[in-house]
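So the structure is just underneath, and the comments pick up after that.
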Amino acid sequence: MSSILNADLHCHSIVSDGTLTPEALAERAKANGVELWALTDHDEIGGQRRAAAAAKAQGMRYLTGAEISVTFAGETVHIVGLGFDAEDPRMQQGLADTRDGRGPRAMEMAAGLAKVGIQNAYEGALKFVGNPALISRTHFARFLVEAGHCKDTPEVFRKYLTEGKPGYVPHRWATLKDAITWITQCGGIAVIAHPGRYKFTANEEYALFSEFKAHGGRGVEVVTGSHTTAEYVEYATMARDFGLAASRGSDFHSPDESHTDLGALPYLPGDLTPVWELLADRIQ
Ligand code: AMP
Ligand code: MN
Ligand code: MN
Ligand code: MN
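Residue numbers are given in our numbering: position 238 of the sequence shown equals residue 238, and the series is strictly consecutive.
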């Protein structure tokens, strides 16, 4: 398969912080012309069987997926795993451990919000949660919009949920090495998600890419809903410089919130190796 393929290898369902079911996502992906799809819920693979079955029913090819939260150089970095065996207990345990701190973190977030006069945010966020093991900042953001504190979710993040703001709680996620190891030992490949979004210096970014490679990481998202067109060019260069394969994904969460729809992205630059070429035997 060449780089001219409508692959969407990054999106979220109600199993994490998306608003659609795996089946509704599959239908929407198909309608938008997606040929190869992966559902990549945050720290969760509970939707994988449904997604694979829905892809098959729609006549789309499918790769298993997850987006793992990692702490690197004091920042949260996301690592997408593709094509791993979702039944492997090592992956299941690693993700369960990564999810573990989310409940207590959410209680602390609510306590921080209560101090600035926003009461019962935990209960409010829970109303938006599809999976009790996966309460995220996105669910708090939806509650704050519903309760009239902000006009949309980006405003909530700006005012309440990012570093230094009342609802922000620093958290230690998985290590880069562990996340890559879980993915790789279960037969998949690890991909750096939306590198353009991290607030790293050039040195820190270089360290991320070097350590990622050293631990066995194989790919980087070049074309993603989180990148500007200038960043497509910038991270295509990084992929070439570091000998990484390239991935493509919308990072779609919700018809009401996401500006990039499933499959609605430019193709990958033709000279890069697409991640699906490395995963030919893992495609369902
Ligand atoms: P968490 O894993 O609980 O820290 O939540 C992270 C999620 O919040 C991301 O995957 C995005 O879906 C969402 N998010 C992060 N930053 C923003 C932002 N500035 N605007 C809107 N959503 C955001
Ligand atoms: Mn998200
Ligand atoms: Mn992400
Ligand atoms: Mn994502």
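Where is the CB? At the ideal position from N, CA and C, for every residue including glycine.
*asked:* Going by the DSSP bridge assignment, what does W37 pair with across the sheet?
replied: Sequence index remark: in the sequence shown, residue 37 carries index 37 (1-based). BP columns for W37 point to D8, Y62.
*Is it the case that the Cβ atoms of N94 and D178 are separated by a distance below 8 Å?*
As a position in the sequence shown, residue 94 is number 94, starting the count at 1. As a position in the sequence shown, residue 178 is number 178, starting the count at 1. One detail in the question is off: residue 94 reads as Gly in this sequence, not Asn. Cβ distance < 8 Å, so G94 and D178 count as in contact.
*Closer than 6 Å to ligand 1: residues, by C-beta to nearest heavy atom, in chain order*: D17, H42, S69, S136, R137, T138, T153, P154, F157, H253
*Which residues have their C-beta within less than 6 Å of a heavy atom of ligand 3, listed in chain order?*
E67, H78, A193, H194
*What three-state label does DSSP hand I180 in the structure shown?*
Counting from one through the sequence shown, the residue named residue 180 turns up at place 180. I180 falls in the helix class under three-state DSSP.
*Going by beta carbon distance, what residues of the same chain come within less than 8 Å of Y147, once the five residues before and after it are set aside?*
Here residue 147 is taken as the residue at index 147 of the sequence shown, counted from 1. Looking at the sequence itself, residue 147 is Ala, so the reference to Tyr does not match. I118, G124, listed in sequence order.
_Helix, strand or coil, according to DSSP, for E87 in the structure here?_
Looking up residue 87 in the sequence shown gives position 87. Residue state, collapsed to three classes: coil.
*6 Å CB neighbourhood of R156 in its chain, flanking five on each side removed*: Locating residue 156 in the sequence shown gives position 156, where the first residue counts as 1. Rather than Arg, the amino acid found at residue 156 in this sequence is Val. Correct list, in chain order: A141, L144, C150.
*asked:* I believe D256 touches S226 by the beta-carbon criterion, under 8 Å. Please report the beta-carbon distance rounded to the nearest angstrom.
replied: Counting from 1 along the sequence shown, the entry for residue 256 is found at position 256. Counting from 1 along the sequence shown, the entry for residue 226 is found at position 226. That pair is no contact at about 18 Å.
*Just the Cα atoms here: how many angstroms apart are R90 and V70?*
Along the sequence shown, one-based indexing puts residue 90 at 90. Along the sequence shown, one-based indexing puts residue 70 at 70. Each residue's Cα considered, the two are about 17 Å apart.
*Meets three-Cβ-pair contact criterion under 8 Å: the segment 267-276 and the segment 220-240*: yes
_Nearer than 7 Å: is that true of the beta carbon of H259 relative to any heavy atom of ligand 6?_
In the structure on display, ligand 6 does not appear, and the ligands it does have are ligand 1, ligand 2, ligand 3 and ligand 4.
*In chain order, what residues of the same chain have a beta carbon less than 8 Å from the beta carbon of L161, not counting five sequence neighbours either side?*
Mapped onto the sequence shown, residue 161 falls at position 161. Cβ neighbours of L161 beyond the five flanking positions: M109, R137, F140, A141, G167, Y168.
_Which of the three DSSP states is assigned to P170 in this structure?_
Your numbering for residue 170 matches position 170 in the sequence shown. If DSSP states are grouped into helix, strand and coil, P170 belongs with coil.
*Can you name, in chain order, every residue of its own chain whose Cβ lies under 8 Å from the Cβ of E277, other than the five neighbours on each side?*
Taking the sequence shown and counting its residues from 1, the one referred to as residue 277 is at position 277. Result list for E277: M1, A245, in chain order.
_Assuming R248 is part of the beta strand (DSSP E), what are its boundary residues?_
Here residue 248 refers to the residue found at position 248 of the sequence shown. Element bounds for R248: 245-249.
*For the alpha helix (DSSP H) containing L126, list its first residue and its last residue.*
Indexing the sequence shown from 1 puts residue 126 at position 126. Start and end: 121-126.
*Can you say whether T40 is buried or exposed, counting buried as having 16 or more other CB atoms within 10 angstroms of its CB?*
For this step, residue 40 is matched to residue 40 along the sequence shown. With 16 or more Cβ atoms within 10 Å of its Cβ, T40 is classed as buried.
*Less than 8 Å between the CB atoms is what I'm expecting for G130 and V15, so what's the real figure, rounded?*
Position 130 of the sequence shown, counting from 1, holds the residue named residue 130. Position 15 of the sequence shown, counting from 1, holds the residue named residue 15. Rounded, the Cβ-Cβ distance is 6 Å, consistent with contact.
*Check whether the segment 193-209 touches the segment 257-264, taking contact to mean three or more Cβ pairs, one atom from each stretch, closer than 8 Å.*
no
_Inter-residue Cα distance where the pair is V80 and P22_ = For this step, residue 80 is matched to residue 80 along the sequence shown. For this step, residue 22 is matched to residue 22 along the sequence shown. About 18 Å.
*Considering only C-alpha positions, which residue in the set G196, D85, T229 is nearest to W182?*
For the purposes of this step, residue 182 is taken as the residue at position 182 of the sequence shown. Among G196, D85, T229, the Cα nearest to that of W182 belongs to D85.
*Taking N32 as the reference, which of L5, G47, A52, D17 has the closest Cα?*
Your numbering for residue 32 matches position 32 in the sequence shown. That would be L5, whose Cα lies nearest to the Cα of N32.
*Please look up how many angstroms separate the CB atoms of F212 and I180, rounded, as I've assumed it's under 8 Å.*
Residue 212 sits at position 212 when you count from the first residue of the sequence shown. Residue 180 sits at position 180 when you count from the first residue of the sequence shown. About 7 Å; that satisfies the 8 Å criterion.
*Which runs of the alpha helix (DSSP H) fall wholly inside the segment 91-120 and span at least 4 residues, in chain order?*
102-115
*Taking the alpha-carbon positions, what's the T153 to K165 distance?*
As a first step, residue 153 must be located in the sequence shown, where it is residue number 153. As a first step, residue 165 must be located in the sequence shown, where it is residue number 165. The straight-line gap from Cα to Cα measures roughly 15 Å.
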